[in-house]
Amino acid sequence: MPERIDIKSMNLSELIAFMEEMGEKAFRAKQIYQWIHEKQVDSFDEMTNISKKLIESLKEKTYLTSLVKEEVQISKLDGTRKYLFLLEDGNVIESVLMRYKHGNSVCISSQVGCRMGCRFCASTLDGLVRGLTAGEMLDQIYKIGKDIGERISNVVVMGTGEPLDNYDNLLKFIELLTDEHGINISQRNLTVSTCGIVPRMRELADENLAITLALSLHASNQSKRLELMPVANKYDIKEVVDACKYYFEQTGRRITFEYSLVGGVNDTDEDAKELIQLIKGINCHVNLIPVNPIKERDYVQSNAKVIENFKNKLEKGGINATVRREMGRDIDGACGQLRKRYKDTKDNL
Ligand code: SAH
């Protein structure tokens, strides 16, 4: 039997071409697209203006990705929700809803697991399983929007996985997410976070998009970065920063630098000084993230005073900086921890 086609990852023109191949008219494709991306149905059977016959052939030739909510943790502190979703192939991924005054923001995963190996990150401990399809990335947002019955206004690709290691699917996802005939989220309200895959950052800069690029920097020089992030073996810190400059030149979008503060590792006055030298002159913003300790590693958070001091040093050096509010502190903290705990429990049964 030929493999079924992933209909949720098709854009409208692909769907029109596909329907025409099936001997159907273009307007049918538009109706189906609307069911999938505007009304966000979970199954073909909900498409009430499509004939039974066509629904049967769609089921035969295609599949409609639909994630299953396996677990939700709700923070009592700030309403943050962490979702664990089950994929069709039995893998699980996590996504997070953060509620801000300016709207609802969803943090999605881009891969099942990750192969980047950042030392402080739980998502990478068991390696990479596979990249997510565009439809699987989208459905995290659709399902969360439906679950809370509210509009999602912002999306950050900062969950498990390296989005630029799943580049083609990421681009397709962006196209569908920002399509006015779908969920219609503005490119300006989308942030993609990368550990710094230089050629892909440059490629993304050339795509003519208005999305924000966040770069996980986490150190102010090459040798310290190498201690925390194996990807630095491949791309030197200077090359990565240059790619950020290029991104700004091409897109006019201010760069976000993420800097996870790890106690005694990258949080000294010297680190702050070096960081200022490294990025000064770039139109950017530094997001300081108190590292979220994971049990598999012995990294600790910098204390509150050290964090405040680090931020003040940056600001005095002319660099915009904020300390990221830790959302959902009371529910499985760091990136990838919920999935990891779930997986470990299942594996031990
Ligand atoms: N692969 C991408 C996106 C996923 S990680 C990237 O590297 O940017 C999202 C952000 O969370 C990154 O900045 C990552 O370094 C950070 N992060 C991961 N685990 C963390 C932890 N335990 N504490 C603090 N930040 C963490």
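Going by numbering that gives the first Met the number 0, 321 is the number at position 322 of the sequence shown; the sequence numbering is gapless.
Cβ coordinates follow ideal geometry from the N, Cα and C atoms, glycine included.
Small disclaimer: the values here were computed from a predicted structure and weren't measured.
Quiz item: Is the Cβ-Cβ distance between residue 209 and residue 186 less than 8 Å?
Solution: yes
Item to check | Simplified DSSP assignment, three categories, for residue 278 | outcome: helix
Should residue 260 and residue 301 be called a contact, given that it needs their Cβ atoms to be closer than 8 Å? yes
Legend entry - Collapsed DSSP secondary structure at residue 218 in the structure displayed: coil
*Flag residue 217 as yes when its Cβ comes closer than 7 Å to any non-hydrogen atom of the ligand SAH, and as no otherwise.*
yes
| request: Can you give me the Cβ contacts of residue 69 inside the same chain, cut-off strictly under 7 Å, excluding the 5 residues immediately before and after it? | output: 83, 84, 85 and 91
- Closer than 6 Å by C-beta to residue 316: which residues in its own chain qualify, once you throw out the five before and the five after it? Chain order, please. 275
**Report entry** With 16 other Cβ atoms within 10 Å as the buried cut-off, status of residue 164
**Finding:** buried
Check: Is any heavy atom of the ligand ATP found at a distance shorter than 7 Å from the C-beta of residue 160?
Finding: Of the ligands this structure carries, namely the ligand SAH, none is the ligand ATP.
Looking at the ligand SAH, does it come within less than 7 Å of residue 119, judged from the CB to the closest heavy atom? yes
- Message: Is any non-hydrogen atom of the ligand SAH found closer than 7 Å to the C-beta of residue 254, if you look at the structure I gave you?
- Response: no
Which stretch, first to last residue, makes up the alpha helix (DSSP H) that contains residue 162?
Where residue 162 is concerned, there is no enclosing alpha helix (DSSP H), given that its DSSP letter is neither H nor E.
| field | Through-space distance from residue 249 to residue 14, alpha-carbon basis | value | 31 Å
The ligand SAH heavy atom lying under 7 Å from the CB of residue 47:
no
Check your understanding: Can you tell me the Cα-Cα spacing of residue 71 and residue 77, whole angstroms?
Key -> 15 Å
Discussion item. Measuring straight from C-alpha to C-alpha, what distance separates residue 176 and residue 297?
Written reply: 38 Å
- Under a Cβ-count criterion, where at least 16 other Cβ atoms within 10 Å of its own Cβ denotes burial, should residue 36 be classed as buried or exposed? buried
(message) Rounded to the nearest angstrom, what separates residue 57 and residue 136 at their Cα positions?
(response) 22 Å
Sequence-distant residues of its chain with Cβ nearer than 7 Å to residue 294 (five each side left out): none
**Beta-carbon proximity of residue 200 to residue 246, cut-off 8 Å** = yes
By Cβ distance below 6 Å, which residues in the same chain neighbour residue 11 in space, the five residues on each side in sequence not counted?
-> 32
Problem set entry | Where residue 351 falls: helix, strand or coil (DSSP) | Lying outside 0 to 348, the shown extent of the chain, residue 351 is not represented and no answer is given.
Exercise for the section: To the nearest angstrom, report how far apart residue 254 and residue 285 are at their CA atoms. Expected result: 9 Å
### residue 53 and residue 119 closer than 8 Å at C-beta
no
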